[in-house]
Amino acid sequence: MVEEKMILKEELDKAQSTIKRHDEELDEYVREKVAAANKLLIQEFESERAHHQKLVKEHARLQQRLENLHSEMQVSLTNNVLSIKSLIYFRVNRIGEHVLHDLLLQ
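Listed below in structure tokens is the structure:
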């Protein structure tokens, strides 16, 4: 009976030791998987952040380009208005000269 208890105690100790070892191995496995997942998430985050920064930079560049085009368009419109005013002034003067000339000839 004592011998049987000793054998059972040894088997129990072995089983507990095996369970403890498996728990430690499982803990290590989980730690490694979590660390790998964290590393992957950080890499994905950095990649997304870089992509976002690139988009922000591109947006700023396009915004500046839009402002430049608005300025160019405003200058062009102003120049066109001035050209039209000059042309009208020139034509009015020419018409006035012809009318005056015709009046003088009468």
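Each residue of the sequence shown is one higher than the one before, counting from 4 in my numbering.
Ideal Cβ positions, reconstructed from N, Cα and C, are used throughout, including at glycine.
This one's a predicted model, so the numbers in the text were calculated from it and none came from an experiment.
Requested in this report: Pull up the distance between the alpha-carbon of E7 and that of Q19, whole angstroms please.
Outcome: Here the alpha carbon of E7 sits roughly 18 Å from the alpha carbon of Q19.
Query raised in the report: Helix, strand or coil: how does DSSP classify M9 here?
Result: Reduced to three states, the DSSP call for M9 is helix.
Requested in this report: Ignore the nearest five residues each way along the sequence and tell me which others in S50's own chain have a CB closer than 7 Å to its CB.
Outcome: Excluding sequence neighbours, S50 sits near nothing in its chain.
Report task. Look up M4 in the DSSP assignment and say whether it is helix, strand or coil. Result -> Three-state result, M4: coil.
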